[in-house]
Amino acid sequence: MPTSDSLALRDHNFIWHPYTQMKTAALPIPIVRGEGALLYAEDGKSYIDAVASWWVNLHGHAHPYIAQKVAEQLQTLEHVIFAGFTHPAAVTFAERLIEILPQGQSRIFYSDNGSTAVEVALKMAIQYWQNTGTPKRKIIAFRDSYHGDTFGAMAVSARSAFTAPFWSYLFEVAFIDVPIPGREEETVKQLEELAQDGDIAAFIYEPLVLGTAGMVMYSPEVLDRLLEICQQFDILTIADEVMTGFGRTGHTFASDYVPRKPDIVTLSKGLTGGTMALGATSCNEKIYEAFLHDDKRKTLFHGHSYTANPVACSAGLASLDLLLQDGTQQDINRLSLRHETFAQGIATMPGIAQVRQQGTILAVEFEAGGTSYFSKWGDTLYSFALEQGVILRPLGNIIYIIPPYCITDEQLDKVYQTILGMQELVTGKRYFEPPTNTTLHD
Ligand SMILES: *Cc1c(COP(=O)(O)O)cnc(C)c1O
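The structure is reproduced here in structure tokens:
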């Protein structure tokens with residue numbers, strides 16, 4: 001019988017982990033409990049979850065209010081087929097999402113994760129043009145974007161090492177550069193040129209912050225100009241708010257910073273506060289109406305077994321209750337201000353290439369040699385943070401914080417201290433033994 005310290009070994013015998021080179025990865029850390037921003041390991045050690053468990057957790061782990069609502073739902077209705085049937089949690093959640101979503105969004109299509117939310121968005125956009133009798137084929141996306149791991153989502157994502165084995169299977173996408181500060185005009189020009197071609201169905205983008213690209217940021221002003229071009233040339237716009245949604249950027253949605261609004265929005269991650277797997281794709285009435293027809297071939301033929309799972313919708317409703325409370329909004333402001341202060345302090349320090357901040361998201365890019373050193377630094381920084389009791393998953397030489405909003409000032413100080421420790425490490429002030437185990441960090 002396995003002893004208490006063998007959970008990781010039992011895991012190793014049967015489990016294949018995501019984004020993990022199983023040959024060389026260190027054994028996973030067994031987590032047995034969570035509370036607030038803290039995760040507790042089997043050996044009693046605690047970790048500050050500075051990455052909100054892959055960007056999903058908003059209100060802390062095992063939140064009692066969400067737990068209560070989920071438990072109530074489980075005892076009432078756990079699931080029901082969502083074609084031909086509906087249920088209170090899905091209806092109420094849709095009503096409440098429409099209330100807070102960017103202006104114009106009027107319909108909710110449920111699925112079960114961010115990638116499927118993106119698949120649905122792409123299918124809505126492509127079929128829209130077929131249903132309205134003017135088929136358009138092409139999609140435009142940002143060169144460094146990440147929209148998920150299913151085939152459609154991979155197609156509109158960066159042609160990177162993540163997708164390399166599948167490149168020949170991915171549909172063609174026209175990529176434009178991310179309009180980072182100082183490079184806005186190039187991107188505007190690229191989009192203007194592409195738009196002349198009448199065959200563009202949609203432009204999909206991560207608004208203001210490209211997560212997996214390394215928390216790469218650009219301004220609402222230039223995004224508004226890109227949306228203006230799309231509207232002018234009748235190109236549908238898809239805001240992928242899977243990562244940026246629900247307060248991450250300071251406002252409820254990143255699209256709230258931009259005057260022009262998207263036709264379609266994708267949601268997941270924070271949608272349930274990080275409790276349950278749920279995805280949603282919203283659209284405006286123009287998209288929805290293009291699917292209303294006596295001809296059944298104009299139906300959106302898409303759906304998942306767990307579409308609008310009642311337990312997930314209840315978690316979403318509970319998370320929304322918490323998000324809209326004054327205390328949470330104050331926490332979001334507190335994090336934004338504290339990040340800003342820390343960013344100003346660290347920006348000019350040696351070894352720091354750039355610091356970027358948008359709302360509760362802070363990214364620090366280290367000057368850590370050439371690209372060939374990226375994965376070595378990623379592993380080194382990851383292990384260093386773990387030793388300090390902080391979970392920070394570097395994207396190459398970029399470290400970022402995207403914490404649960406309830407993280408305490410004290411915990412946040414410890415995360416900042418860890419980043420300062422990394423700065424010392426990178427500038428070589430302190431000797432550090434590189435770890436023997438390596439992992440691929442996304
Ligand atoms: C994480 C992410 C996705 C994919 O979501 P999954 O739930 O992991 O499939 C899509 N788009 C963006 C912007 C993301 O950050």
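Each residue of the sequence shown is one higher than the one before, starting from 1 at the first, in my numbering.
Don't be surprised by glycine CBs; every beta carbon is placed ideally from N, CA and C.
query: Euclidean distance between Cα positions of SER268 and GLN344; result: 31 Å
query: VAL216: CB within 7 Å of a non-hydrogen atom of ligand 1; result: no
query: heavy atom of ligand 1 below 7 Å from HIS147 C-beta; result: yes
query: Three-state secondary structure assigned by DSSP to PRO2; result: Legend: pLDDT at PRO2 = 48, less than 50; position of this residue unreliable, no value from coordinates given.
query: Contact under 8 Å by Cβ, GLY316 with LEU278; result: yes
query: Those residues which DSSP pairs with ARG33 across a bridge; result: TYR40
query: Cα-Cα separation, THR187 to HIS63; result: 43 Å
query: Span separating the alpha-carbon of ARG389 from that of PRO403; result: In the sequence under discussion, the amino acid at residue 389 is Gly, which differs from the Arg named in the question. Rounded to the nearest angstrom, the two C-alpha atoms are 14 Å apart.
query: CB contact flag (ALA41, ILE391, <8 Å); result: no
query: Cβ distance (whole Å) where GLN423 is taken to contact GLY351 below 8 Å; result: 5 Å
query: Check: GLN330 C-beta below 7 Å from any heavy atom of ligand 3; result: Judged by which ligands are present, ligand 3 is missing from the structure shown, whose ligands are ligand 1.
query: Identity of the residue in PHE233, ALA213, LEU226, ARG183 nearest ALA239 by Cα; result: LEU226
query: Proximal residues to LEU420 (C-beta, below 8 Å), its chain only, five neighbours per side dropped; result: ILE346
query: Reference ALA155; option with closest CA among THR299, PHE142, VAL311, GLU172; result: GLU172
query: Beta-carbon contacts of HIS339 that lie in its chain and below 6 Å, excluding the five residues immediately before and after; result: GLN357, LEU362
query: CYS268: CB within 7 Å of a non-hydrogen atom of ligand 1; result: At residue 268 the sequence reads Ser, which differs from the Cys that was named. For ligand 1, at least one heavy atom lies less than 7 Å from the Cβ of SER268.
query: Whole-angstrom distance between TYR257 and PRO220, CA atom to CA atom; result: 6 Å
query: Inter-residue spacing [alpha-carbon to alpha-carbon] between ASN397 and ALA368; result: 6 Å
query: Under the three-state DSSP convention, the category ALA308 falls into; result: coil
query: From HIS17, ALA308, SER255, LEU381, residue whose alpha carbon lies closest to that of VAL80; result: ALA308
query: Alpha carbon of THR150 to alpha carbon of GLU78, nearest angstrom; result: 27 Å
query: Residue ranges of each alpha helix (DSSP H) within the region 254 to 328, 4 or longer; result: 285 to 289, 310 to 323
query: Contacting residues, own chain, Cβ-Cβ under 6 Å from ALA385 (five flanking each side not counted); result: LEU392, THR418
query: Proximity to CYS406 [Cα-Cα], best of PHE342, GLN329, PRO28; result: GLN329
query: VAL70 CB to nearest heavy atom of ligand 1 below 7 Å; result: no
query: Ligand 1 heavy atom lying under 7 Å from the CB of THR237; result: no
query: Local conformation of GLU78 per DSSP, three classes; result: coil
query: Distance cut-off 7 Å: GLY44 Cβ against heavy atoms of ligand 1; result: no
query: Proximity to VAL493 [Cα-Cα], best of GLU241, GLN354, PRO310, GLU365; result: As displayed, the chain neither begins before 1 nor continues past 442, which places residue 493 out of reach and without an answer.
query: Terminal residues of the alpha helix (DSSP H) in which GLN231 lies; result: 220 to 232
query: LEU425 classed as buried or exposed, judged by whether at least 16 other C-beta atoms fall within 10 angstroms; result: buried
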